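First up is the structure itself, then whatever we jot down about it.
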Amino acid sequence: MNTLRENKVTAAAFALFVLIILVAALGPSLLPISPLATDAASALAPPSAAHWFGTDEVGRDVMARVVTAARLDLVIALSAVALSFVIGSILGTAAGFSGGIVDQLVTRLVDTLMAFPLFLLAMAIVSVLGNNATNIVYATAVVNLPFYIRMSRAEAAKLRSAGFIEAARVGGLSGARLLAAHVYPNVLPPLIVQVSLNLGWAILNAAGLSFLGLGVRPPTPEWGIMVSDGAALIVSGAWWVSLFPGFALMLTVLCFNLLGDGLRDLADPKRRI
Amino acid sequence: MAHPGHYIRRRVLAALPVLAGVVVATFVLTHLLPGDPAAYYAGPVDSAQAVEDVRARMGLDRPLPVQFLHYIADLAHGDLGTSLSTGQPVAAELARRLPASIELMLAGLSLSLVVGIPLGVVAATRPGSWVDHLCRIVSTAGVSLPSFFTGLLLIYVFYFVAGLAPAPVGRLPSFMRPPPAETGFLLLDCALAGQWQKLGAAAAQMVLPALTIAVFTLAPLARMTRASMLGVLSSEYIRQGRANGIPRRVLLYRTALRNALLPVVTTLGMIGSSLLGANVLVEKVFAWPGLGSYALDAMSSLDYAPLQGFVLLMSVLYVLINLGLDLLYGLIDKRVRLG
Amino acid sequence: MSALLAVQGLTVTFQARGGLVKAVENVSFDIQPGEILGVVGESGSGKSVTAQALLRILEPAGQITAGRAMLNGVDLLSCSESAMRRVRGRLVSMVFQNPRAALNPVVSVGRQIEDVLVYAGGLTRRAARERALGLLAAVRISDPKRRAGALPMELSGGMCQRVMLAIALAASPRLLIADEPTTGLDVTTQAAVMALLEGEIRARGMSLLLITHDLALAGEFCDRIGVMHAGHLVECGPAVSVLRTPLHPYTARLVGTMPQGKPDIAALLPISGSLPDLRGALPPCRYAGRCERHQATCDQPPLPLVSPALGHHVACRWPL
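Protein chains in written order, with this note's numbering: chain A, 9 to 281; chain B, 6 to 344; chain C, 10 to 329.
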């Protein structure tokens with residue numbers, strides 16, 4: 009049946025996920041060649057036994073750089089998602105549950121953010137704040153806020169009339185304590201299910217910003233910037249400099265998306281027949 | 006009952022505060038965030054005094070509300086400032102480049118609509134078939150591919166390896182001069198001037214970048230069409246329609262599709278956002294002389310006014326796109342026109 | 010007088026997760042011209058499946074595996090799809106429970122009536138528009154011109170059901186199948202809709218197949234009643250006869266659950282047990298597990314079937 013095949017896909021995605029995490033965490037320490045070591049003599053060498061992914065225009069080993077970049081890309085994406093998750097869920101919960109002026113302000117904030125094409129907003133934020141990895145995290149987190157604010161606001165609004173909330177209120181709990189103890193923990197689960205999908209988006213966002221030259225500085229290896237560096241070489245045939253980091257990006261995002269889809273389907277009661 | 010006129014007026018009025026918000030937010034973004042525009046504008050200078058001179062000239066030493074009023078006043082006159090690197094007024098340059106970007110985005114979007122919606126419809130009407138599987142693969146792969154990567158991959162395969170596509174040097178091959186600029190839309194201008202060979206070349210230049218755009222806009226479109234269609238096909242009114250003797254094709258393409266397209270129209274709003282954003286990436290990969298490359302040049306030369314103008318223009322475009330989609334939605338679904 | 014619709018041995022199976030479900034087995038009945046036949050039974054007894062099979066609008070998982078349904082010399086169960094299209098809406102119409110859900114939510118009701126007239130009836134758009142207004146008036150909807158431009162969500166449930174009736178009666182069919190037509194409506198509206206329905210049926214000399222779980226409703230409006238249990242037709246006969254002197258133990262129990270005419274709630278007796286699991290092998294009589302008159306011979310095939318002929322028939326070895 010369909011569900012069995014879908015479960016296999018999710019399982020495969022999970023295996024890939026574990027692999028990627030391992031590569032990101034342990035990879036750099038297991039590399040035979042340093043990602044920063046230049047070797048002009050073997051510049052722009054296609055993939056070979058010595059350099060599995062070839063070398064770039066200054067002779068650096070592409071594989072070493074791809075592996076090293078994994079950690080940076082994942083950390084940037086994870087930090088951005090974590091930041092927007094925490095801030096967004098708190099703001100959204102407060103807005104959805106309390107209503108009134110808080111809700112109005114938060115909705116105004118979200119509407120303002122969403123009036124802009126999000127990637128361009130992130131671009132503008134980074135170029136104004138300055139080109140470094142931290143600012144990529146901030147910019148990505150800011151444009152990701154609406155996603156969590158809206159979700160948590162909807163969930164919190166549903167809880168306003170929930171029975172156990174009434175019970176807690178009658179028991180004397182109110183305000184921030186009520187929010188923290190009862191509302192917030194119940195808002196979180198649907199949000200958590202979305203995190204994997206959101207991570208995929210965040211990686212693409214950060215890589216896109218780096219591709220444009222906003223963010224990480226050379227010679228730091230990062231997937232987006234590596235694709236950008238190798239872009240000009242594609243027309244002359246040196247595909248490995250650009251395409252290997254690009255494939256790494258694609259595989260990672262695909263993995264997070266498939267995992268996210270699988271988690272969401274597992275969590276959705278309607279699908280569990 | 007459900008008056009289209011009222012609805013149109015309501016949506017247009019609703020768009021105005023959003024536009025206002027965009028104008029204000031752009032000002033806030035460039036004037037309140039850390040970073041010193043005066044230093045950027047001054048560029049590499051020796052003394053702090055030179056920077057102060059630039060600051061005074063730019064009006065940045067005046068209080069913020071005054072700056073804001075100047076900003077609004079300038080905008081009302083269509084003045085978006087002057088580019089530091091080119092010395093040209095930003096508004097004129099944006100107007101010149103706008104058609105290039107729009108032409109490309111329209112080409113890519115049209116391609117994905119023409120492929121994506123039928124793909125989703127057929128996938129929903131034949132669950133489990135190869136079309137269904139293709140739809141799901143396309144959807145999942147499409148959202149996982151970075152647009153700049155797709156572009157480069159396409160260039161490598163179709164230009165370098167296969168030699169089918171022309172070199173990614175922009176709207177026309179390097180040796181061709183552009184036709185007289187009537188509309189700014191290259192294909193239209195070539196046709197109007199009767200330069201058919203040039204039109205062919207321009208179209209060829211557009212294939213790969215349009216394809217790149219089509220790939221990432223196709224995915225959410227096909228996915229949403231399929232999901233929405235599946236939901237609609239199992240609804241009661243479709244069953245009743247069959248019992249009433251309505252032919253299958255009418256049921257599918259008039260009744261079912263009309264209802265199924267509603268969430269698709271909503272998805273197009275989201276697609277519009279990612280389209281305008283990815284425009285910068287695609288224009289960089291294909292050296293397309295549009296708005297995106299203008300903004301990139303401005304960013305790398307720390308030129309503030311073009312960046313601000315760019316964000317403003319793209320956001321206004323986005324608001325207009327959303328307004329258009331709202332109106333389209335109201336056309337399809339009379340329910341939203343009521344109260 | 011020959012029957013309008015002669016159903017013989019109808020069997021429908023479904024492909025479900027746990028196996029093959031014989032949702033309807035060997036059902037035979039006739040509907041005479043101008044007759045109102047009621048089919049009653051618990052939820053899941055196969056009443057709706059029978060109706061949907063007649064118009065061949067079963068879900069993809071359902072298959073008609075045996076039987077014939079002769080109407081005007083054509084077998085509805087095996088004729089071509091194009092022949093079927095000429096039947097639906099023209100010779101045989103159907104209305105369902107939950108009328109608002111049966112209407113396209115984004116299009117005005119007048120337009121929907123017009124669409125049926127145009128696409129299934131072949132009228133021009135202008136002719137259809139006039140006809141639609143006439144139909145709305147015929148089903149007693151006030152101010153038809155204004156109502157025609159209304160969306161389903163602007164109309165009450167009762168009005169929506171009248172619209173569905175208008176559509177069903179538009180081509181003057183010979184047979185109308187109504188699957189729980191008044192179940193979702195409040196009592197007053199129920200009465201009004203049923204009165205309208207009965208009036209139109211009688212006036213046009215049409216036949217009606219009324220499917221309901223409401224025995225009292227069937228008793229009030231139907232000429233004959235068929236009782237279904239777990240996919241089998243267990244009894245069929247004149248309404249008065251079936252309700253006053255039921256022959257099948259199940260029918261007797263069903264009548265026992267009707268609140269009308271009982272002194273107090275304690276007199277209402279529930280039917281013990283529940284519908285058997287329709288997957289896999291089943292005994293010849295599917296009521297055997299719940300029946301207090303069950304004997305060893307009941308488990309031996311074959312089970313007597315209800316004859317479609319006129320008269321009061323029962324599918325039981327030990328009738329009351």
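Glycine is no exception: its CB is placed at the ideal position from the N, C-alpha and C atoms. Remember, predicted model here, so these are calculated numbers, not experimental data.
Item                                                                                                                     : Value
Stretch-stretch touch, CB-based, cutoff 8 Å, three pairs: the region 132-152 of chain A with the region 70-77 of chain A : no
Simplified DSSP state of residue 280 of chain A, which is helix, strand or coil                                          : No answer about residue 280 of chain A holds up, because its pLDDT of 41 lies below 50 and its placement is not dependable.
Any alpha helix (DSSP H) of 4 or more consecutive residues that is wholly inside the region 108-188 of chain B           : 135-149 and 152-159
C-alpha gap between residue 258 of chain B and residue 190 of chain A, whole angstroms                                   : 48 Å
Start-to-end residues for the beta strand (DSSP E) that takes in residue 184 of chain C                                  : 184-188
Assigned secondary structure, residue 172 of chain C (DSSP; H/G/I helix, E/B strand, else coil)                          : helix
Close beta carbons around residue 96 of chain B, own chain, < 6 Å, minus the five adjacent residues each side            : 83 and 85
For residue 264 of chain B and residue 9 of chain B, the rounded distance between their alpha carbons                    : 19 Å
Contiguous beta strand (DSSP E) assignments of at least 3 residues, all confined to the region 82-106 of chain C         : 101-104
Range of the contiguous alpha helix (DSSP H) that encloses residue 278 of chain B                                        : 262-290
Cβ pair residue 212 of chain A, residue 231 of chain A closer than 8 Å                                                   : no
Inter-stretch contact at 8 Å, needing at least 3 Cβ pairs: the region 238-248 of chain B / the region 65-73 of chain B   : no
Beta-bridge partners of residue 2 of chain C, as assigned by DSSP                                                        : In the structure as shown, chain C starts at 10 and stops at 329, and residue 2 of chain C therefore has no counterpart that could be examined.
Within chain B, partners of residue 125 of chain C - CB distance below 9 Å                                               : 246, 249, 250 and 251
Backbone secondary structure at residue 23 of chain C - three-state DSSP                                                 : strand
Beta-carbon gap between residue 217 of chain A and residue 208 of chain A smaller than 8 Å                               : no
Beta-carbon proximity check, residue 33 of chain C vs residue 20 of chain C, cutoff 8 Å                                  : yes
Contact residues within the region 247-267 of chain A, judged by C-beta distance below 9 Å to chain D                    : Structure shown: chain D not included; protein chains present are A, B and C.
Per-residue contacts from residue 128 of chain C into chain B (C-beta, under 7 Å)                                        : 251, 252 and 255
Residue 262 of chain B versus residue 273 of chain A - alpha carbon distance                                             : 25 Å
Same chain only: Cβ atoms within 6 Å of residue 122 of chain A, ignoring 5 sequence neighbours per side                  : 154
Distance between residue 130 of chain C and residue 16 of chain A (C-alpha atoms, nearest Å)                             : 50 Å
Selection of the region 180-214 of chain B by Cβ proximity to chain A, strictly under 7 Å                                : none
Residue 179 of chain C vs residue 144 of chain C beta-carbon contact at 8 Å                                              : yes
8 Å Cβ cutoff, residue 38 of chain C in contact with chain B                                                             : no
Beta carbon of residue 7 of chain C nearer than 8 Å to that of residue 167 of chain C                                    : With chain C running from 10 to 329 in the structure shown, residue 7 of chain C is simply not present.
CB of residue 293 of chain B within 8 Å of CB of residue 285 of chain B, strictly                                        : no
Sequence-distant residues of its chain with Cβ nearer than 6 Å to residue 280 of chain A (five each side left out)       : Residue placement at residue 280 of chain A is flagged as unreliable, the pLDDT there being 41, under the threshold of 50; the coordinate-derived value follows with that caveat. Same-chain partners within the cutoff: there are none.
Segment limits, beta strand (DSSP E) that includes residue 34 of chain C                                                 : 28-40
Status (buried if at least 16 other CB within 10 Å, exposed otherwise) for residue 119 of chain B                        : exposed
Length of the line joining the Cα atoms of residue 250 of chain A and residue 51 of chain A                              : 14 Å
Any chain A beta carbon closer than 8 Å to residue 151 of chain B                                                        : yes
C-alpha distance - residue 100 of chain A paired with residue 179 of chain B, whole-angstrom precision                   : 52 Å
Assigned secondary structure, residue 122 of chain A (DSSP; H/G/I helix, E/B strand, else coil)                          : helix
Residue 297 of chain C versus residue 263 of chain C: straight-line alpha-carbon distance, rounded                       : 15 Å
Min CB distance residue 35 of chain B to chain A below 8 Å                                                               : yes
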